[in-house]
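Single-structure report; data block below.
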Amino acid sequence: MAPPGGPAPVVQFEDVSIAFDGKSILHDISFSVERGQTLVLLGPAGCGKSVLLKLANGLLKPDSGTIRVFGEDIARLRRRDLYKLRTRIGMVFQESALFDSLTVEENVAYRLHEEHVPGAETHARVVEALKFVELEAAIDKFPSELSGGMRRRVSIARAIVSNPDLILYDSPTGGLDPITSATIIELVMKQRDVSHTTSLVVTHRLQDAFTLATHRFDPATGGMKPLPSDGPDHGIDQGTKFLLLNEGKIAFQGTTEELVHSSDPWIKRYLE
Amino acid sequence: MPLLPPDVLLKKQVASVQEYSILAGRAIADIFSRPLYWDDIFTQMDSIGVGSLPIIILSGFFTGCVLALQSVTALKEFGAVSMTGSLVSLSMVKELGPVLTGLMVSGRNAAGMASEIGSMKVTEQIDAMRALGTDPIRKLVTPRLIATVFMLFFLTIIADAVGIAGGALVSVSMLGLTASSYLHSSYASLVHGDIVQGLTKPLFSGFIIATVGCFFGMRTTGGTQGVGRATTQAVVVSSVFIIVVDFIVTRAMIGIFGS
Chain A
1 MAPPGGPAPV
11 VQFEDVSIAF
21 DGKSILHDIS
31 FSVERGQTLV
41 LLGPAGCGKS
51 VLLKLANGLL
61 KPDSGTIRVF
71 GEDIARLRRR
81 DLYKLRTRIG
91 MVFQESALFD
101 SLTVEENVAY
111 RLHEEHVPGA
121 ETHARVVEAL
131 KFVELEAAID
141 KFPSELSGGM
151 RRRVSIARAI
161 VSNPDLILYD
171 SPTGGLDPIT
181 SATIIELVMK
191 QRDVSHTTSL
201 VVTHRLQDAF
211 TLATHRFDPA
221 TGGMKPLPSD
231 GPDHGIDQGT
241 KFLLLNEGKI
251 AFQGTTEELV
261 HSSDPWIKRY
271 LE
Chain B
273 MPLLPPDVLL
283 KKQVASVQEY
293 SILAGRAIAD
303 IFSRPLYWDD
313 IFTQMDSIGV
323 GSLPIIILSG
333 FFTGCVLALQ
343 SVTALKEFGA
353 VSMTGSLVSL
363 SMVKELGPVL
373 TGLMVSGRNA
383 AGMASEIGSM
393 KVTEQIDAMR
403 ALGTDPIRKL
413 VTPRLIATVF
423 MLFFLTIIAD
433 AVGIAGGALV
443 SVSMLGLTAS
453 SYLHSSYASL
463 VHGDIVQGLT
473 KPLFSGFIIA
483 TVGCFFGMRT
493 TGGTQGVGRA
503 TTQAVVVSSV
513 FIIVVDFIVT
523 RAMIGIFGS
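The listed protein sequences correspond, in order, to chains A and B.
Take 1 as the starting number for the first sequence in my numbering and just add one per residue.
Take 273 as the starting number for the second sequence in my numbering and just add one per residue.
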């Protein structure tokens with residue numbers, strides 16, 4: 001529940017459980033994400049991170065528990081209302097999930113076309129989104145002509161083009177080389193620091209998670225730079241929180257400092 | 273693949289029927305609410321209707337030809353070779369036209385729908401579509417349903433016409449009948465009920481092809497191998513359904529119009 005008098009969380013899970021073919025994937029998951037916050041979901045492969053993200057977008061329905069997004073119980077929404085709600089959410093898929101028969105421009109413009117935005121405005125917004133991910137030269141290409149990193153950047157452009165209130169990143173750096181991963185994390189950070197969009201970031205790469213927590217986007221240089229350790233936040237972005245999953249249960253949730261100073265043996269081993 | 277116990281297998285089958293019914297019901301319901309994706313409907317009409325035209329013309333024409341050739345042997349016994357036109361037109365309009373067209377379009381388009389939607393499913397494009405606020409049933413299934421039912425109706429008429437024309441060619445060039453006698457016999461033997469029966473069947477076949485093709489596409493799992501499996505299942509199931517429903521519709525039509 002929202003704190004009395006305070007704004008409602010953007011995403012709120014209450015005792016959410018889901019199982020596939022009798023096998024429990026997530027068990028009694030409860031957490032919330034406040035407006036403007038970035039929640040990094042960490043955990044070993046197969047612990048249910050991507051399932052959790054799909055639950056947050058209503059792509060899967062929980063077996064029990066309640067999921068509220070923008071205050072709406074998404075399991076109880078009518079089909080039409082759920083699709084309407086999703087227009088406020090951007091999602092970046094693990095394998096990009098670009099429409100392979102559409103060009104980059106058509107992919108990024110997809111939601112704008114659905115909303116019947118005039119052609120000239122659509123084109124301008126697509127170019128702007130592609131500039132954000134530094135990929136405007138690829139506007140006429142098809143996804144099959146792009147590298148994995150470029151596809152991921154187009155996917156980010158598609159997610160941000162309609163200025164969503166919430167962005168879900170499903171392993172945005174998965175399967176990419178370290179240099180491309182850094183570029184993608186920089187884009188996630190840029191969106192966080194420039195647009196202040198609430199986001200859930202699934203990753204299994206600790207390096208990416210801690211880069212997000214300890215750096216900020218610098219508009220002057222157009223790149224990321226470490227937060228000063230002698231600053232008021234002691235070198236840590238206070239809007240970035242962590243949720244660590246293990247075997248479908250929450251092993252940890254809290255701030256960066258709490259995570260790195262955790263005395264839990266499993267967490268210590270995981271962070272090593 | 274492990275052998276499943278009978279109760280689990282039965283539950284799976286019941287769940288599949290339920291899923292299919294929900295998908296078909298939603299696809300129909302979406303016809304009557306906005307938005308309707310007209311661009312996709314016309315694209316599918318072109319792909320299903322115009323794209324299937326060559327195979328429908330060829331299969332319909334040669335079916336009419338072979339029907340005339342085969343029937344003349346039996347008709348000769350009774351001295352009724354002049355009835356060839358009647359036999360060809362009745363067979364084509366009531367049965368072979370609708371069923372063959374349904375089966376040909378099923379082989380071509382149910383497979384196409386299952387593989388196209390199945391590929392989108394395994395590459396998360398369907399999830400991406402849902403995440404972008406678009407209902408995939410409304411965007412992918414309903415246009416295919418409208419296009420298939422609409423185009424199959426006209427494809428059947430074309431198959432009937434070219435089948436009768438094929439029978440005419442064989443009757444005139446090989447069996448020594450005159451064109452006017454063949455065409456008169458063809459025309460005279462057809463009654464209102466035959467036409468209604470022949471043109472009701474493609475409506476059901478079109479529905480089966482689109483919903484079965486899309487259903488197997490939408491439930492595809494297991495990568496490229498899964499896409500192949502979905503494609504095969506879509507063709508097999510839709511073909512069997514077409515023949516079973518053909519029998520049911522024929523029986524119903526006989527009940528309504530008499531034999």
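We put the beta carbon where it would ideally sit given N, CA and C, even for glycine.
Nothing here was measured: the structure is a model prediction, and the numbers come from that model.
Rounded separation between residue i and residue j - CA only
i         : j         : result
Met-224/A : His-215/A : 6 Å
Ser-453/B : Ala-460/B : 10 Å
Phe-210/A : Thr-256/A : 8 Å
Val-289/B : Thr-180/A : 46 Å
Ala-120/A : Glu-105/A : 13 Å
Gly-254/A : Leu-187/A : 24 Å
Pro-164/A : Arg-111/A : 11 Å
Ser-458/B : Val-360/B : 7 Å
Ala-440/B : Thr-356/B : 9 Å
Gly-149/A : Ser-477/B : 45 Å
Met-423/B : Ile-320/B : 7 Å
His-90/A  : Gly-235/A : Residue 90/A is actually Gly in this sequence, not His. Rounded to whole angstroms, Gly-90/A to Gly-235/A spans 29 Å at the Cα level.
Pro-118/A : Ser-162/A : 14 Å
Lys-141/A : Gly-297/B : 38 Å
Ile-600/B : Ile-313/B : No answer is possible for residue 600/B: the residues shown for chain B start at 273 and end at 531.
Asp-407/B : Asp-170/A : 21 Å
Leu-372/B : Ser-144/A : 38 Å
Thr-496/B : Ala-451/B : 53 Å
Leu-42/A  : Leu-244/A : 5 Å
Contact set between residue i and chain B, taken where Cβ atoms lie within less than 8 Å
i         : result
Leu-59/A  : Asp-399, Arg-402 and Ala-403
Lys-84/A  : Gly-405
Thr-103/A : By Cβ distance, chain B contributes nothing, its closest Cβ being about 15 Å from Thr-103/A, past 8 Å.
Short CB-CB distance (under 8 Å) between residue i and chain B
i         : result
Ala-97/A  : yes
Ala-2/A   : Caution is warranted here: a pLDDT of 46 is assigned to Ala-2/A, below 50, making its placement in the model unreliable, and the coordinate value is therefore given only provisionally. No, its Cβ sits nowhere closer than 8 Å to a Cβ of chain B.
Glu-114/A : yes
Met-224/A : no
Thr-255/A : no
Thr-122/A : no
Met-150/A : no
Thr-180/A : no
Thr-198/A : no
Thr-173/A : no
Arg-68/A  : no
Met-91/A  : yes
Neighbour list for residue i in chain A, Cβ cutoff strictly below 8 Å
i         : result
Thr-395/B : Glu-95, Ala-97 and Asp-100
Contacts of residue i in chain B (Cβ-Cβ under 9 Å)
i         : result
Thr-203/A : Neighbours of Thr-203/A on chain B: none; closest Cβ ~18 Å, over 9 Å.
Nearest candidate by alpha-carbon position, reference residue i, set the options
i         : options                                       : result
Arg-402/B : Gly-175/A, Ala-97/A and Glu-72/A              : Ala-97/A
Cys-337/B : Ala-502/B, Met-446/B, Thr-493/B and Thr-450/B : Met-446/B
Val-154/A : Val-133/A, Leu-166/A, Ser-195/A and Gly-174/A : Val-133/A
Ala-261/B : Pro-278/B, Leu-362/B, Ile-418/B and Phe-513/B : Since the first and last residues shown for chain B are 273 and 531, residue 261/B lies out of range.
Lys-23/A  : Gly-48/A, Asn-57/A, Ala-159/A and Asp-230/A   : Gly-48/A
Leu-39/A  : Trp-266/A, Gly-248/A, His-261/A and His-196/A : His-196/A
Pro-326/B : Ala-431/B, Gln-505/B and Phe-304/B            : Ala-431/B
Phe-242/A : Gly-46/A, Val-33/A, Thr-66/A and Asp-28/A     : Val-33/A
Under 7 Å by beta carbon: chain B residues contacting residue i
i         : result
Arg-269/A : Here the premise fails: no neighbours, minimum Cβ distance about 32 Å.
Tyr-110/A : Leu-404
Simplified DSSP state of residue i, which is helix, strand or coil
i         : result
Thr-211/A : helix
Ala-251/A : strand
Met-317/B : helix
Met-423/B : helix
Ser-101/A : coil
Ile-480/B : helix
His-234/A : coil
Val-10/A  : coil
Asp-15/A  : strand
Ile-74/A  : coil
Asp-170/A : strand
Met-91/A  : strand
Ile-29/A  : strand
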